[in-house]
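Just so you know, the sequence shown maps onto residues 386 to 635 in my numbering.
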Amino acid sequence: MSRINAPAHPSDRAQPRSRSGDHLEGPLSRSAEFWFAVRVFFQFLKGFRTLHFSGPCITVFGSARFEENHPYYQLAREMGRLIAGSNLTTMTGGGPGIMEAANRGAFENGGRSIGCNIRLPEEQAPNPYTHRWVTFRHFFVRKYMLLKYSYGFIVFPGGFGTMDELFETATLIQTGVIRDFPVVIMGTAYYQPLRDFLETMVAEKTIHAEDLSKMLVTDDPQEAILFLDRAMKAHQWKSPRPRWWLLESR
386 MSRINAPAHP SDRAQPRSRS GDHLEGPLSR SAEFWFAVRV FFQFLKGFRT LHFSGPCITV
446 FGSARFEENH PYYQLAREMG RLIAGSNLTT MTGGGPGIME AANRGAFENG GRSIGCNIRL
506 PEEQAPNPYT HRWVTFRHFF VRKYMLLKYS YGFIVFPGGF GTMDELFETA TLIQTGVIRD
566 FPVVIMGTAY YQPLRDFLET MVAEKTIHAE DLSKMLVTDD PQEAILFLDR AMKAHQWKSP
626 RPRWWLLESR
């Protein structure tokens, strides 16, 4: 079995395991795990309170590493503009790169723009093109919110985080947890190896061909927005009204 090995730095060997992610490092005291559960509850409550009136949304994902002059940045900016033109909210992970570009396209064209930021060791500040944003401590809470208020998903080129979001969404669609949820993959050349692998999965019968039927791979923002519009016609978005006694506002 092959392994990917990185050379260990002497300080790595000398130090004990970090407890920065202690909720993933085995059993803790009962009180510590109770308070972790309480913190998670309040993270969910914070998300619900902030995002309750944000939908219907299209969630856009992609790398945080693309600069403004990159073609993918400009493509995501155009995608945000088209989402705004369809009277939908653009929701992203709230950071730089593709996320900033999509928020920016919506923001500059009069559309609603939302960010679900994440607290990282190297602090990720929310980009300046959101009307409303919320910062989460845990990835799983953030991912839940990014799906809960969305009717479609657009994935641009990205790394591990983008792949995580893409395949988690594909799993939820495959298992029927979410239905009629279109997925657009932008970047045909970048994702060609992934497309080949998905066809291998179909050939090996680890997935069904119909599992891919809700996915469109394209480089054309107009084709993408038409695909999303057609797929979402079956949905009827319920617009909740703010309750003054809950101190709610749109």
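By construction, the Cβ of each residue, glycine as well, lies at the ideal position given by its N, Cα and C atoms.
Just so it is clear, the structure is predicted and the values come from calculations on it, not from any experiment.
CB contact flag (residue i, residue j, <8 Å)
i      : j      : result
Cys442 : Ile483 : no
Ile468 : Ile610 : yes
Asn488 : Asn512 : yes
Asp360 : Ala616 : Residue coverage of the chain in this structure runs from 386 to 635, which leaves residue 360 outside it and unanswerable.
Phe521 : Cys501 : yes
Leu597 : Pro567 : no
Leu436 : Val519 : yes
Gly432 : Thr474 : no
Phe446 : Gly543 : yes
Thr603 : Thr560 : no
Leu601 : Val569 : yes
Phe545 : Tyr457 : no
Ile558 : Lys528 : no
Tyr534 : Met476 : yes
Tyr514 : Phe538 : no
His516 : Arg504 : no
Simplified DSSP assignment, three categories, for residue i
i      : result
Ser624 : coil
Ile495 : Checking the sequence shown, residue 495 turns out to be Gly, not Ile. Gly495: coil per DSSP, three-state reduction.
Asn512 : coil
Gly480 : coil
Phe446 : strand
Gly470 : helix
Ala461 : helix
Ser634 : coil
Asn502 : strand
Endpoints, the alpha helix (DSSP H) within which residue i is located
i      : result
Ser535 : Note, Ser535: premise wrong, no alpha helix (DSSP H); beta strand (DSSP E) at Ser535 to Val540.
Lys327 : The requested residue 327 is not part of the displayed model; the chain covers only 386 to 635.
Ser416 : Arg415 to Leu436
Enclosing beta strand (DSSP E) for residue i [first to last residue]
i      : result
Phe521 : Arg517 to Phe521
**Prompt:** At what residue ranges does the segment 535-609 contain a whole run of the alpha helix (DSSP H), taking only runs of 4 or more?
**Reply:** Inside the segment 535-609, DSSP marks whole alpha helix (DSSP H) runs of 4 or more residues at positions 545-559 and 577-588, from first to last along the chain.
**Request:** Flag this pair as touching only if the segment 451-469 and the segment 551-564 have three or more C-beta atom pairs under 8 Å; answer yes or no.
**Result:** no
**Message:** Below 8 Å, how does it come out for the segment 413-429 and the segment 445-453: are there three or more Cβ pairs, yes or no?
**Reply:** no
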